[in-house]
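Counting from 1, one number per residue, gives the positions in the sequence shown under the UniProt record's numbering.
The C-beta atom is built at its ideal place from N, Cα and C for all residues, glycine as well.
All of these numbers come straight from a predicted model, not from anything done at the bench.
Written out below as structure tokens is the structure these notes cover.
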Amino acid sequence: MTKTLCYGIFAYCRGPRRMNCIMESIPVSAIEQGGTAPTQTAFPFFNPKSSRMDSSITPLSSQVESKLVLKNKSPRWHEHLRCWCLNFHGRVTVASVKNFQLVASDESAPANEENDDTTLQFGKIGKDLFTLDYRYPVSAFQAFAICLSSFDTKLARE
């Protein structure tokens, strides 16, 4: 499951948004060579009368030391086009505030150096048409849930 999805929005400018996605069930070691992500076989039972989760099932988050954090890839300002640009390698063809790419956050890397291995990318390809590309360790369900969040009208305003 995706535990936390945070957007940073600049209210008074039209610059790019910031997105952080904390993948509760995926350890950061899953993206290393030979790494694996655990498969969740049971989900906590939610009792609406008590409004709390059943504690008899241990969530995966308590089994992992450090969680995978995905951050949006920073776009570059294209002086000739006068806009923020990301390289979608031909997969995204229409400029949109909803277009984004997520990469694994590397806390040990220098501040100006960014991971180039895109884990998830989402973008517009036509009127009401979008494309979603994702890779391991993100599941189809997680990728779809993350992309749906970009359609929130309060978050995606221009």
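Less than 8 Å between the CB atoms is what I'm expecting for I146 and V92, so what's the real figure, rounded?
Start at 1 with the first residue of the sequence shown, and residue 146 comes out as number 146. Start at 1 with the first residue of the sequence shown, and residue 92 comes out as number 92. About 16 Å separates the two Cβ atoms, so there is no contact after all.
Between which two residues does the alpha helix (DSSP H) carrying I146 extend?
As a first step, residue 146 must be located in the sequence shown, where it is residue number 146. It spans 140-149 - the alpha helix (DSSP H) in which I146 sits, taken as one unbroken run.
Flag this pair as yes or no: are the beta carbons of K73 and I22 separated by less than 7 Å?
Start at 1 with the first residue of the sequence shown, and residue 73 comes out as number 73. Start at 1 with the first residue of the sequence shown, and residue 22 comes out as number 22. No.
Am I right that L120 and L102 are in contact with their C-beta atoms under 8 Å? What's the rounded C-beta distance?
The residue you call residue 120 lines up with position 120 of the sequence shown. The residue you call residue 102 lines up with position 102 of the sequence shown. Right, the Cβ-Cβ distance comes to about 4 Å (below 8 Å), so this counts as a contact.
Suppose contacts are defined by Cβ-Cβ distances below 7 Å. Is F100 in contact with F122 by that definition?
Here the question's residue 100 lines up with position 100 in the sequence shown. Here the question's residue 122 lines up with position 122 in the sequence shown. Taking 7 Å as the Cβ cut-off, F100 and F122 qualify as a contacting pair.
In the DSSP assignment, what are the bridge partners of T118?
As a first step, residue 118 is located in the sequence shown; it is residue number 118 there, counting from the start. Partner(s): V103.
According to DSSP, is S96 helix, strand or coil?
Here the question's residue 96 lines up with position 96 in the sequence shown. If DSSP states are grouped into helix, strand and coil, S96 belongs with coil.
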